[in-house]
Amino acid sequence: MRHRRVILIVGLFLVFLGAPVGAARITNEPTGFNGYTWGASVAQLPGLTHVVDPKIGNPLPYVDVYEKPGEVLTLNGVTFSSVLYRFYKHQLGGIQLTYVGRENREKLIQWIEEQYGKLPPAERKQKQIEWHGESTVITLDYDVTTKLGWLWFTYLVLTPFDNSTTNTSGY
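Under our numbering, the first residue of the sequence shown carries the number 108, and numbering increases by one thereafter.
Rendered as structure tokens:
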């Protein structure tokens, strides 16, 4: 009996090592977000203004950050306190949404799962959760100290980081 138990524990350990950690698979790959298409230029997205705050705007070479003043965006009952649009070499490559409160994190998990794919149960308790697709990563993060959270949509084709040798799908 003890021998079987050891085999079961070792087997579960090996399965755990082979499974993607911290990531779910996107089953419905987005081509953008909220009507904005990946790769669009700033000129194609009316109403955006360049963020001039040096703590937010232009964080990396070739990256420009924009916002839409007065924009109110709500998903599954969660109203975001800010929405930032990140352009790499003048093309939309990412969107960062900021929210407040742990209860809103749970609402966003539910919405993301309905739109893009189920989260493995073990990943629900992670501080940062990711859903990986062929060219898009969705990241949900929450800081219990500040009670602030972030939802990121990142189009890997238009990121300042070299993803050519990285398998982001988790498989």
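Virtual Cβ for every residue (Gly too), placed ideally from N, Cα, C.
Item to complete: Label histidine 157 either buried or exposed according to how many other C-beta atoms from any shown protein chain fall within 10 Å of its C-beta, with 16 as the threshold for buried.
Response: The residue labelled residue 157 in the question sits at position 50 within the sequence shown. The residue is exposed, with fewer than 16 neighbouring Cβ atoms inside 10 Å.
Worksheet item: Taking the alpha helix (DSSP H) that glutamine 222 falls in, what are its first and last residues?
Response: In the sequence shown, residue 222 corresponds to position 115, counting from 1. Per DSSP, glutamine 222 belongs to the alpha helix (DSSP H) from 209 to 223.
Worksheet item: CB glutamine 235 to CB threonine 243, shorter than 8 Å?
Response: Walking along the sequence shown from the start, residue 235 turns up at place 128. Walking along the sequence shown from the start, residue 243 turns up at place 136. No, these two residues do not count as a Cβ contact at 8 Å.
Practice prompt. Please state whether DSSP places alanine 150 in a helix, a strand or coil.
Written response: In the sequence shown, the residue the question calls residue 150 occupies position 43. Annotated three-state conformation of alanine 150 is helix, per DSSP.
Item to complete: In angstroms with no decimal places, state the Cα-to-Cα distance between glycine 177 and glycine 154.
Response: On the sequence shown, position 70 is the one that residue 177 refers to. On the sequence shown, position 47 is the one that residue 154 refers to. Whole-angstrom Cα-Cα distance: 10 Å.
Worksheet item: Excluding five sequence neighbours on each side, which residues of the same chain lie with their C-beta closer than 6 Å to the C-beta of glycine 201?
Response: Taking the first residue of the sequence shown as position 1, residue 201 is located at position 94. In chain order, Arg193, Thr261 place their CB closer than 6 Å to the CB of glycine 201, counting only its own chain and leaving out the 5 sequence neighbours on each side.
Discussion item. Is the beta carbon of alanine 130 closer than 8 Å to that of glycine 224?
Written reply: Numbered from its first residue, the sequence shown carries residue 224 at position 117. Numbered from its first residue, the sequence shown carries residue 130 at position 23. Going by C-beta atoms, glycine 224 is not nearer than 8 Å to alanine 130.
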